[in-house]
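Enquirer: Got a structure for you, questions after.
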Amino acid sequence: MADLPTVLITGCSSGFGLDTAHFFLEKGWKVIATMRTPRTDQLPTSDNLHVLALDVTDADSIARCIEAAGPIDALVNNAGIGLLAPVEGLDLASAREIFETNTLGTIAMTQAVLPQFRERRGGVVVNVTSTVTLKSLPLLSVYTASKAAVNAFTESLALELEPFDVRVRLVLPGRAPDTAFGDNARRLMAAPIPQAYVDFRDQVFASVGATDSPLTHARDVAEAVWQAVTDPAAPMRLAAGADAVALSESLSHP
Ligand SMILES: NC(=O)c1ccc[n+]([C@@H]2O[C@H](COP(=O)([O-])OP(=O)(O)OC[C@H]3O[C@@H](n4cnc5c(N)ncnc54)[C@H](OP(=O)(O)O)[C@@H]3O)[C@@H](O)[C@H]2O)c1
Numbered sequence: 239m240a241d242l243p244t245v246l247i248t249g250c251s252s253g254f255g256l257d258t259a260h261f262f263l264e265k266g267w268k269v270i271a272t273m274r275t276p277r278t279d280q281l282p283t284s285d286n287l288h289v290l291a292l293d294v295t296d297a298d299s300i301a302r303c304i305e306a307a308g309p310i311d312a313l314v315n316n317a318g319i320g321l322l323a324p325v326e327g328l329d330l331a332s333a334r335e336i337f338e339t340n341t342l343g344t345i346a347m348t349q350a351v352l353p354q355f356r357e358r359r360g361g362v363v364v365n366v367t368s369t370v371t372l373k374s375l376p377l378l379s380v381y382t383a384s385k386a387a388v389n390a391f392t393e394s395l396a397l398e399l400e401p402f403d404v405r406v407r408l409v410l411p412g413r414a415p416d417t418a419f420g421d422n423a424r425r426l427m428a429a430p431i432p433q434a435y436v437d438f439r440d441q442v443f444a445s446v447g448a449t450d451s452p453l454t455h456a457r458d459v460a461e462a463v464w465q466a467v468t469d470p471a472a473p474m475r476l477a478a479g480a481d482a483v484a485l486s487e488s489l490s491h492p
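Its first residue numbered 239, the sequence shown is counted upward by one per residue in my numbering.
As structure tokens, this is what we get:
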């Protein structure tokens, strides 16, 4: 068992992962902040911080990272990429990349920590998905499918891990335009789309930026992840962000 409680977070180079790393450090946890290209300049200097290289789509990278991390108490599967595009004409390689990262990356990381969690009869896995899995939005079919699969994976996994006292939880953030998510998604969205969808795509892009409804901030996600990790009574699904909370309440009290 680690001296301090230890959390390993994926995708800490920006956005929710970076803020969650800050949050757990502030709370006195040991943090293994992982990212594809390790950098320490955005995080405080601390004996409790360890930055490790991790690509969640690469089995060798996962094995090296878990070996170097040592015992951990919580895994936060946060790394993810977005894709806003019509399905017709979509290069299947892009769809595979989304699923490899968002879905299979989450499954692979979970597999990698389960032996130590099961043997120790403790530990928490928190999977970050999205409120788009609660209310569908256009042009997000592949991304939504990749995250809805994680919801289903997590809720079934919870049942098979209950006998070993290992918990799994979901955090569902709302829309957070302040992170690097949109910019990171653009690489996969650079390919031309079928002409028939161009006007519709442009309308969707314009409407996404035009709304003045509440948003999600990285701190909201960090707080929800904290609750999921530290509160054994936390519900299976935690909405993160004002828009996410409002949506989840409207769906539970229509
Ligand atoms: N922003 C939103 O509106 C929003 C809403 C709901 C849910 N989410 C979800 O929240 C999570 C965090 O998103 P964010 O908004 O914080 O976006 P972000 O700023 O783009 O952060 C995503 C992180 O994932 C990492 N990543 C991507 N591919 C990876 C891989 N193969 N292996 C390891 N790390 C990888 C990125 O690292 P690199 O620097 O290496 O690319 C980056 O650190 C994602 O799962 C996303 O789907 C986002």
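Cβ atoms here follow ideal geometry from the backbone N, Cα and C, with glycine treated the same way.
Terminal residues of the continuous beta strand (DSSP E) containing V370?
Expert: Note, V370: premise wrong, no beta strand (DSSP E); not H, not E.
Enquirer: Which residues in the same chain have their Cβ closer than 6 Å to the Cβ of V463, if we skip the five residues on either side of it in sequence?
Expert: T258, V314, V364 and V409, listed in sequence order.
Enquirer: Taking the Cβ atom as the reference point for each residue, do G318 and V362 lie within a distance shorter than 9 Å?
Expert: Result no, Cβ atoms of G318 and V362 do not sit closer than 9 Å.
Enquirer: Helix or strand or just coil, what does DSSP make of R407?
Expert: Reduced to three states, the DSSP call for R407 is strand.
Enquirer: For A346 and I300, which I take to be in contact (beta-carbon distance under 8 Å), what is that distance rounded to the nearest angstrom?
Expert: With a Cβ gap of about 6 Å, A346 and I300 count as contacting.
Enquirer: Shorter than 9 Å from the beta carbon of D437 to some beta carbon of chain D?
Expert: Note that chain D does not occur in the displayed structure, where there is just one protein chain.
Enquirer: Based on the DSSP output, what are the partners of A477 in its beta bridges?
Expert: Looking at the DSSP assignment, A477 forms a beta bridge with L410.
Enquirer: Are the beta-carbon atoms of D421 and A456 separated by less than 9 Å?
Expert: Not closer than 9 Å, so no.
Enquirer: Buried or exposed: which applies to D279, given that a residue is buried once 16 or more other Cβ atoms fall within 10 Å of its Cβ?
Expert: Counting Cβ neighbours within 10 Å, D279 comes out exposed, since fewer than 16 surround it.
Enquirer: Output the residue ranges of the beta strand (DSSP E) runs that lie fully inside the stretch 316 to 393 and measure 3 residues or longer, sorted by chain position.
Expert: Taking only runs of at least 3 residues, the beta strand (DSSP E) segments lying wholly in the stretch 316 to 393 are 362 to 366.
Enquirer: Could you tell me the distance, in whole angstroms, from the CA atom of L242 to the CA atom of S284?
Expert: Going from the Cα of L242 to the Cα of S284 covers about 13 Å.
Enquirer: Is it buried or exposed, M359, if we count other Cβ atoms within 10 angstroms and call 16 or more buried?
Expert: Going by the sequence as given, residue 359 is Arg instead of Met. So R359 counts as exposed.
Enquirer: Taking 8 Å as the cut-off, is the beta-carbon of T248 closer than that to any non-hydrogen atom of ligand 1?
Expert: T248: yes, Cβ under 8 Å from ligand 1.
Enquirer: Run through DSSP, which three-state label would I431 get?
Expert: Looking at I431 - three-state DSSP - the assignment turns out to be coil, as it is neither helix nor strand.
Enquirer: Is H288 helix, strand or coil when you go by DSSP?
Expert: Strand.
Enquirer: Would the beta-carbon of L494 fall within 9 Å of that of R274?
Expert: Since the first and last residues shown for the chain are 239 and 492, residue 494 lies out of range.
Enquirer: Near D437, which residues of its chain fall below 8 Å by C-beta distance, leaving aside the five closest residues on each side in sequence?
Expert: Nothing listed; no residue qualifies.
Enquirer: Locate the beta strand (DSSP E) running through L246, then write down its first and last residues.
Expert: L246 -> beta strand (DSSP E) spans T244 to I247.
Enquirer: What does a CB cutoff of less than 7 Å around E510 pick up in its chain, not counting 5 residues either side in sequence?
Expert: No answer is possible for residue 510: the residues shown for the chain start at 239 and end at 492.
Enquirer: Could you tell me if T449 is buried or exposed, where buried requires 16 or more neighbouring beta carbons within 10 angstroms of its beta carbon?
Expert: Result: exposed.
Enquirer: Does the beta-carbon distance from F402 to F355 come in below 9 Å?
Expert: A contact, by the Cβ cut-off of 9 Å.
Enquirer: V269 by DSSP, collapsed to three states: which one?
Expert: Residue state, collapsed to three classes: strand.
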